[in-house]
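Beneath this line is the structure, given in structure tokens, with notes to follow.
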Amino acid sequence: MRVRIYKPAKNAMQSGRAKTKKWVLEYRAETARIPEPLMGWVSAGDTTNQVRIPFDTREEAVAFAKRHGFEYSVVEPHERQPRPKAYADNFAFDRKLNWTH
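According to the numbering used here, the sequence shown is numbered sequentially starting from 2.
The following block contains the structure:
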């Protein structure tokens, strides 16, 4: 069985970074997803794609995958690169763009 280990990204709909501190082990789909003919909903034959196991560290997740004999891949997270800004920069004399309104 194949699993993916990753650190989830920040939700685009909110400014906070809740639920992004832990590592997640997620099973890869073994069977293809097919649309149901009556309603058109997409379904799969196995339910392992619904399982997500959180871990505090990457090492714990890798150890779990090795212990259970899973083939795993680790996706490294992209780190934030905050750019410091100040409100006074909006009124700077050497501002690159025109200040409108």
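For every residue, glycine included, the Cβ atom is placed at its ideal position computed from N, Cα and C. Here the structure is a predicted model, which is why all the values come from computation and not from measurement.
Strand pairing of residue i, partner residues [DSSP]
i: P36; result: V43
i: L26; result: I6, I54
i: S74; result: R5
Span separating the alpha-carbon of residue i from that of residue j
i: D47; j: K67; result: 22 angstroms
i: G70; j: K8; result: 21 angstroms
i: E72; j: I35; result: 25 angstroms
i: V43; j: Q51; result: 13 angstroms
i: R96; j: M14; result: 30 angstroms
C-beta contact flag for residue i and residue j at 9 angstroms
i: A87; j: I6; result: no
i: T32; j: M2; result: no
i: Q11; j: P55; result: One detail in the question is off: residue 11 reads as Lys in this sequence, not Gln. Taking 9 angstroms as the Cβ cut-off, K11 and P55 do not qualify as a contacting pair.
The alpha helix (DSSP H) enclosing residue i, as first and last residue numbers
i: E60; result: 59-68
Of the residues the options, the one placed nearest residue i, counting alpha carbons only
i: P78; options: A45, R84, R59; result: R59
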